[in-house]
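*Asks:* Numbering (my numbering), first residue to last: 153 to 273.
One structure is given below, represented as structure tokens, and several questions about it will come after.
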Amino acid sequence: MDQLSWNDIKDIMSTHFGSRKFVVRERFRFYTELSRKSNETVRELAARVREKALTCDFPSISHPLQEALKTGFICAVNSEAVIKAVFHKSSDDLTFAQVVEIAAEVEDTSHTAKEQKSNHT
């Protein structure tokens, strides 16, 4: 059996686990964190938008409506716990329905915990 060198192992690991960004998180950042900085020209803003879009993998979107629903929901949900739960999932293939289900589970768990806490005080 052939042995792999350390560089071979690093190359294989980089190929499979390297700098690939979590697309859902990158799209969330793209839509929520981009705003024009003071004294920034429109050309500078456009360059920054282009740069940020590179990590979002927009060309791979095969179902634009589903992706828009999912991303819009994640951006609007306004719950750190829900966002963390969605980002914790390792799949970029989460559907809109799955994201809503994750959000509902997080909120249901939170409400149940609050009710139990108030009943014990």
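For each residue, glycine too, the CB sits at the ideal point set by N, CA and C.
#1: Can you tell me which of S187, I226 and R200 puts its alpha carbon nearest to the alpha carbon of Q250?
#2: Using beta-carbon positions only, say whether R179 and C208 come within less than 8 Å of one another.
#3: By how many angstroms is the C-alpha of T247 removed from the C-alpha of F239?
#4: How long is the line joining the alpha carbons of I213 and A205, rounded to whole angstroms?
#5: Where does E257 fall in DSSP's three states?
#6: Can you list the alpha helix (DSSP H) stretches of 4 or more residues lying completely in the stretch 155 to 231, in chain order?
#7: Three-state secondary structure (DSSP) at H272?
#8: Is the beta carbon of V258 sitting closer than 8 Å to the one on A228?
#9: Whole angstroms are fine: how far does the CA of W158 sit from the CA of R181?
#10: Give me the Cα-Cα distance between E253 and D260, rounded to the nearest whole angstrom.
#11: Here's the rule I'm using: 16 or more other beta-carbon atoms within 10 Å means buried, otherwise exposed. How should A256 be labelled?
*Replies:* Result, derived from the coordinates:
#1: I226
#2: yes
#3: 13 Å
#4: 13 Å
#5: helix
#6: 158 to 169, 175 to 185, 194 to 205 and 216 to 228
#7: coil
#8: no
#9: 35 Å
#10: 10 Å
#11: exposed
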